[in-house]
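Under the working numbering, think of the first position of the sequence shown as 643, with each following residue one higher.
Heads up, the beta-carbon is just placed ideally off N, CA and C, and yes, glycines get one too.
Since the structure is predicted, the reported quantities are computational estimates derived from the model, not experimental observations.
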Amino acid sequence: MMKYFQKQFSYAQIAFAILSLIAGVLMHFLYEWTEYNYLAGLISPVNESTWEHLKLLFFPVLIFTIFEYFYIGRLFPAFITARTIGCTVGLLFIVAFYYTYTGIIGEHYLWMDILTFFLGVILCYSLTWYLTLKKKAGNLCTNIFCIFFLLFLTGIFFYFTYTPPMLPLFEAFLLFS
């Protein structure tokens with residue numbers, strides 16, 4: 643019976659990864675589509691900074707994680723911890739890859755930025771799949787910690803949307819300069 647749920651979990655990872663990619667792409671335009679609505683800005687980029695574009699991974703993954711948990715994730719004790727690790731690694735990958743390639747090349751390219759986002763999402767869901775099915779993460783204590791960590795990250799994203807620190811990660815670059 644567990645093999646059946648493991649197979650279902652694997653399919654769910656693929657489906658939710660695809661949904662996260664689609665949602666992330668659509669969320670890129672949400673702030674503008676809603677005529678710069680304050681609440682839309684909390685979960686979608688309000689400028690072209692690297693920080694704001696991390697929302698494209700974080701919020702779709704967070705929202706779909708809630709659905710996925712009740713669909714099948716609750717059957718796997720490692721799921722919440724694994725997803726938190728996957729999401730965090732995906733976010734860190736986006737930052738590291740973006741600054742590495744722009745540092746080497748000296749400029750950024752839209753197609754590379756999109757590829758970076760896609761790779762971050764794939765990494766997030768692949769790591770979640772591996773850690774969950776291999777039971778490499780998660781117990782009640784770590785799951786509770788991870789839930790609070792995700793809530794903390796949500797709060798940080800909300801706060802820094804309209805009060806960003808003066809750091810390069812938060813600086814918006816001009817698309818057409």
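- For isoleucine 685 and threonine 742, the gap between their C-alpha atoms comes out near 26 Å.
- Counting only residues of its own chain and dropping the five nearest sequence neighbours on each side, phenylalanine 651 has a CB closer than 6 Å to the CB of Ile714.
- In this structure, the alpha-carbon of threonine 774 lies about 6 Å from that of alanine 724.
- A straight-line Cα-Cα distance of about 10 Å links isoleucine 798 and threonine 805.
- Taking every protein chain shown into account, the CB of proline 687 has 16 or more other CB atoms within 10 angstroms, so this residue is buried.
- In the structure shown, proline 687 falls within a coil segment according to DSSP collapsed to helix, strand and coil.
- The beta carbons of alanine 682 and leucine 672 sit closer together than 8 Å.
- Scanning its chain for C-beta atoms nearer than 7 Å, with the 5 sequence neighbours on each side dropped, one finds around glutamine 655 the residues Tyr767, Thr770 and Trp771, in chain order.
- Annotation for asparagine 785: the continuous alpha helix (DSSP H) segment containing it runs 782-804.
- Residue environment analysis places tryptophan 753 among the exposed positions, since fewer than 16 neighbouring C-beta atoms fall within 10 angstroms of its C-beta.
- Spatial neighbours of isoleucine 746 in its own chain (CB-CB distance under 7 Å, excluding positions within 5 residues in sequence) are not present.
- With a 10 Å radius around the Cβ and a threshold of 16 neighbouring Cβ atoms, threonine 676 comes out exposed.
- Scanning the stretch 744-777 from its first residue to its last, the whole alpha helix (DSSP H) runs of 4-plus residues come out as 752-775.
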